[in-house]
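Student:
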Amino acid sequence: MQQTNFKLSHIKLAVLIALTTSPLFASAEDQATATEITLPSVNVRATIETGGLYQPAISKSAAKIDVPLMDLPITVNVVTKETFRDQGARSLNDALHSVPGVSVLAGDGARDQVYIRGFNTQNDNYIDGFRDDSTYYRDLSNIETIEVLKGPAAALYGRGSSGGIINRITKKPMFKNQYEIGGTVGSYNVKRGEIDVNQKLSDQIAVRLTGALEDSESFRDQYFMERHMIAPSILFKASEQTSILVQMDYLNDNRLDDLGVPAQLGEPINVSRSTYYGSLNGKKDDYIKTIVKGGSISFDHTFDNNVKIKSVFRAANSDQDRNDTRAPGFNTTQFTRQHTHILRDETSLFNQTDLMFKADAFGMNHNMLAGLELNRQDKDSWGSRFDIGSVDKFNPVLTPIVYGTATTPTFADFNTRWFTPLPGGTKLKSVSNTNHLTKTVGIYAQDLITLNPAWKVLAGIRYDNFDQTTENYMLLTSNVNRTLKHKDNTWSPRLGVVYQPNSAASIYASVSRSYQPSGEISALSAANVNMDPERTQNFEVGTKLDLFDGNVSAMASIFRLERTNIKATDAATNTLVQVGEQRTNGLELSLSGRPAEGVDVIAAYTYMDAIVSKSKANQSNVCSSAAGSDGVSAATNAALCATIPTNVSLQGKRVPMVAKNSANLWITKRFANGFGFGGGSTFTDKRYGSAIEQSYIPKYIRFDATAFFEAKKYEVRLNVYNLFDKHYTDAATGGNENAAIPGVPLSALLSAKYRF
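Its first residue numbered 3, the sequence shown is counted upward by one per residue in my numbering.
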């Protein structure tokens with residue numbers, strides 16, 4: 003991806019210079035010089051048109067070096083900024099809808115959450131190669147591209163990454179002047195503004211500032227979203243060989259924590275898409291406010307002998323105040339809601355130092371990488387939960403949350419006021435305070451070996467020392483302050499072979515392994531503290547083709563992911579044991595590029611058979627047979643509950659949230675006069691929300707469209723979503739398998755950008 007972006011950025015720079023500054027050059031130079039400048043600009047523009055806006059050629063995420071995708075035995079999907087611009091994406095989840103093998107979830111209304119190839123990637127978000135695993139919704143205003151690396155990536159990135167990683171590549175300063183402002187308005191009172199300013203201060207210094215401001219509502223009752231983001235950066239080029247890059251980012255996001263609608267006999271219930279089940283005053287009681295701050299300093303130096311060193315330090319902090327009203331009931335017409343309050347304070351410190359060098363030895367070319375990663379993550383969390391009364395599923399009558407005399411605490415104000423009984427004698431069901439500290443030392447090495455023009459080998463390995471300490475204080479249950487510690491020392495290898503019969507085709511095979519320790523997603527507990535890491539292996543074969551004279555890239559891969567040591571509760575002993583196995587067999591097909599003049603296309607299809615292949619765990623759904631205040635008798639509810647299976651084995655069941663079949667298509671056509679139009683469709687097969695296949699999200703197909711006008715200094719774009727107003731369920735809510743978010747109705751966004 004990076005080489006494509008590298009090429010495109012230089013191409014666009016050349017075009018921009020040719021179009022906007024050639025008069026300046028003409029005034030300072032003779033006509034012959036002006037002609038020499040103009041002619042290349044025409045050729046360069048042709049390169050843009052034939053290369054395509056959606057077609058990447060290089061990825062830095064896959065190998066941490068600039069390597070053509072054709073040379074790598076890895077599947078990497080890249081979402082360019084042109085893709086999420088044309089599709090009108092306003093969030094990371096929106097941008098990932100076109101990526102094969104990716105299942106998008108609602109993340110409990112609190113965070114981005116996706117599955118890659120059947121595996122949860124909650125902790126596998128990255129920014130410029132650094133772990134970004136805090137729970138929040140990421141903004142796209144400072145993002146250049148998004149790279150999705152498929153399969154275990156621990157050989158370079160360490161723990162986690164069973165199904166893959168998501169790496170956001172940020173916008174960085176350039177040595178040219180570029181100014182852009184934009185705005186978006188749309189259905190359901192969407193209002194958003196963006197800015198992207200780049201300034202060349204001298205031949206050595208360039209600065210860039212990106213930002214966004216949004217105040218939007220939704221088709222969902224009571225929904226609100228208020229956010230602003232700013233990301234300044236400065237690039238200092240000390241010499242041709244040495245540069246220093248400083249980046250900062252700040253995000254403030256406040257929105258309704260919406261957990262969607264509950265299920266009834268398997269499917270999300272048939273109510274209006276706008277129906278909300280939280281507090282009567284959602285903005286006061288059911289909000290989630292997140293402040294994320296980050297900064298990095300990057301030092302790059304290239305020596306004269308094909309050796310390059312890069313060292314980056316990054317620090318980040320996330321503060322979150324989350325309040326939500328959950329509807330955990332299942333299969334009854336009425337259920338008891340719960341109100342949850344969670345505070346999080348997370349601080350992360352990272353350093354990565356990479357040494358890259360090229361050499362010829364034993365008749366082979368070596369493109370080598372060696373690196374060291376040090377990181378420390380300190381995560382504090384506080385949580386409470388209490389019941390707030392029942393509502394009818396089909397006609398909820400909402401009430402405000404009543405807190406009694408309790409006041410909202412902070413980490414510095416954790417005291418007994420929260421144990422005051424609530425009205426009616428209801429007490430808090432649980433209170434917890436957890437501090438989770440992790441320290442990582444990772445050492446890795448990689449070599450891309452060119453045996454001859456037709457054969458390449460990619461070999462890599464990483465060693466990790468992962469040290470965890472959890473302090474957990476549970477109140478109202480055990481009232482015990484417990485300190486737990488665990489350390490893992492792991493090796494994560496990968497090996498791949500590429501055969502290239504010609505410059506337009508490659509065939510590859512690869513195997514890789516990753517690990518996920520206890521406490522990697524949540525804190526350590528007494529049940530898991532002494533357990534070995536879960537391990538994942540990926541076996542993959544595939545092919546990559548350049549079609550239409552290199553203007554279209556096509557990929558096909560067959561893979562098998564096996565995850566072992568999965569933790570499960572043994573029904574016979576009611577203890578946590580490591581006997582679970584999960585397996586995903588899959589096929590991915592994708593195509594992107596420009597097959598004809600002015601036509602850009604993205605197409606993908608994925609088949610995934612993801613099952614729990616081995617497990618001792620059993621699970622039951624909770625069903626209340628008591629009489630409801632809605633007039634439904636106890637006998638009726640008991641009869642309903644009798645139809646619900648209990649103590650169901652997980653073995654052989656499909657993995658929740660993963661569709662067996664999915665496909666998407668997106669095509670745009672640009673005309674020479676600046677006008678253009680496009681559209682596409684997304685198909686998602688049936689997905690189970692429950693581990694025992696008791697609740698599910700029905701399959702759906704959605705159609706979207708766009709029309710636009712693009713000129714040198716401005717562009718105007720209309721995006722229309724769900725053209726046929728299909729009533730569908732978009733995603734499950736991640737942590738609550740029996741609730742899901744309805745899909746957006748027929749709606750539109752109108753956006754404009756001006757460049758000067």
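All C-beta atoms, glycine included, are put in the ideal place defined by N, C-alpha and C.
Please name the residue, chosen from A742, D251 and N256, that lies closest to D288 on a Cα-to-Cα basis.
Tutor: Here the closest residue by C-alpha is N256.
Student: Hey, how far is the Cα of L591 from the Cα of T608?
Tutor: Whole-angstrom Cα-Cα distance: 6 Å.
Student: Taking its Cβ as the centre, do 16 or more other Cβ atoms sit within 10 Å of V263, making it buried, or is it exposed?
Tutor: Answer is buried; the Cβ neighbour count reaches 16.
Student: Flag this pair as touching only if the segment 61 to 68 and the segment 82 to 93 have three or more C-beta atom pairs under 8 Å; answer yes or no.
Tutor: At 8 Å Cβ cutoff, the stretches do not touch.
Student: On the CB-based measure, 16 or more other CB atoms within 10 Å of its CB, does G544 come out buried or exposed?
Tutor: Flag for G544 reads buried.
Student: Quick one: what's got a C-beta closer than 6 Å to F677's C-beta in the same chain, skipping five residues either side?
Tutor: Hits under 6 Å: F711.
Student: Just to check my reading of the structure: V614 and L563 have Cβ atoms closer than 8 Å, yes? What is that Cβ distance to the nearest angstrom?
Tutor: V614 to L563, Cβ: 13 Å. No contact.
Student: Bridge partners of I560, per DSSP?
Tutor: Looking at the DSSP assignment, I560 forms a beta bridge with V543 and L589.
Student: Please say whether A525 and S383 have beta carbons closer to each other than 9 Å?
Tutor: Yes, the pair counts as a contact, with Cβ atoms nearer than the cut-off.
Student: Do the segment 299 to 314 and the segment 271 to 281 meet, that is, are 3 or more Cβ pairs less than 8 Å apart?
Tutor: Taking 8 Å as the limit for Cβ pairs, the verdict is that the segment 271 to 281 does not touch the segment 299 to 314.
Student: Using 8 Å as the threshold, is the segment 712 to 726 in touch with the segment 234 to 254, meaning 3 or more CB pairs across them?
Tutor: Touching, no.
Student: Taking only three categories from DSSP, how would you classify Y159?
Tutor: Note: Y159 maps to helix in three-state DSSP.
Student: Nearest to F758 by alpha carbon, out of G120, Q201 and P175?
Tutor: Out of G120, Q201 and P175, Q201 has the C-alpha closest to the C-alpha of F758.
Student: Using CA atoms only, rank isn't needed, just tell me which of K489, Y181, F388 and F396 is closest to I403.
Tutor: If we check each option's Cα against that of I403, F388 comes out closest.
Student: Go through its chain and collect everything with a Cβ distance to Y698's Cβ below 7 Å, but skip five positions before and after it.
Tutor: The answer, listed in chain order, is G268, E269, K688, R689, Y690 and G691.
Student: Where do the ends of the beta strand (DSSP E) carrying N95 lie?
Tutor: No beta strand (DSSP E) holds N95; the alpha helix (DSSP H) holding it covers L94 to L98.
Student: So, is E599 buried or exposed, given that buried needs 16 or more other C-beta atoms within 10 angstroms?
Tutor: So E599 counts as exposed.
Student: Helix, strand or coil, according to DSSP, for G109 in the structure here?
Tutor: If DSSP states are grouped into helix, strand and coil, G109 belongs with the helices.
Student: Alpha carbons only, please: which of V106, V499 and N319 is nearest the one belonging to V660?
Tutor: The shortest Cα separation from V660 among V106, V499 and N319 belongs to V106.
Student: In this structure, how does DSSP classify R537 when only helix, strand and coil are distinguished?
Tutor: Strand.
Student: Mind checking K487: buried by the 16 CB within 10 Å criterion, or exposed?
Tutor: Looking at its Cβ environment, which holds fewer than 16 other Cβ atoms inside 10 Å, K487 is exposed.
Student: In terms of DSSP beta bridges, what is L215 paired with?
Tutor: L215 pairs with G195 and H230.
Student: Consult DSSP for L424 and reduce its assignment to one of helix, strand or coil.
Tutor: Summary for L424: the model assigns pLDDT 41, below 50, so the residue's position carries little reliability, and this model does not support an answer.
Student: Out of curiosity, what's the CA-to-CA distance linking I568 and N319?
Tutor: So the alpha carbons of these two residues sit roughly 31 Å apart.
Student: Give me, in chain order, the residues of the same chain whose beta-carbon lies closer than 8 Å to that of W457; leave out the 5 immediate sequence neighbours on both sides.
Tutor: Cβ within range, chain order: V499, V500, Y501 and Q502.
Student: With a CB to CB cut of under 6 Å and the five nearest residues on each side skipped, what residues in its chain are close to R484?
Tutor: Excluding positions up to five away in sequence, the list reads N474.
Student: In three-state DSSP terms, what is Y385?
Tutor: The sequence shown places Gly at residue 385, not Tyr. Three-state result, G385: strand.
Student: Locate the alpha helix (DSSP H) running through Q84, then write down its first and last residues.
Tutor: The residue asked about is misnamed: residue 84 is Glu in this sequence, not Gln. K83 to D88 is the span of the alpha helix (DSSP H), which, as asked, contains E84.
Student: Under the three-state reduction of DSSP, which class applies to G166: helix, strand or coil?
Tutor: Of the three classes helix, strand and coil, the one that applies to G166 here is strand, per DSSP.
Student: Taking 7 Å as the limit between beta carbons, can you name the residues of its chain near R113, skipping five residues before and five after?
Tutor: T137, Y138 and Y139.
Student: Which of the three DSSP states is assigned to K286 in this structure?
Tutor: In the structure shown, K286 sits in a helix (DSSP, three-state: H, G or I).
Student: With a threshold of 8 Å, are at least 3 pairs of Cβ atoms found where one atom belongs to the segment 339 to 359 and the other to the segment 321 to 329?
Tutor: With a cut-off of 8 Å, the segment 321 to 329 and the segment 339 to 359 count as touching, because enough Cβ pairs lie within range.
Student: What's the gap between the Cα of G802 and the Cα of N169?
Tutor: With the chain represented from 3 up to 758, any question about residue 802 goes unanswered, as that position is not in the structure.
Student: For a test of the three-state rule: what should DSSP assign to D687, helix, strand or coil?
Tutor: Here D687 sits in coil by DSSP.
Student: CA-CA distance, L203 and F238?
Tutor: If I take the Cα positions, the gap works out to 10 Å.
Student: How is D727 classed by DSSP in three states: helix, strand or coil?
Tutor: Note: D727 maps to coil in three-state DSSP.
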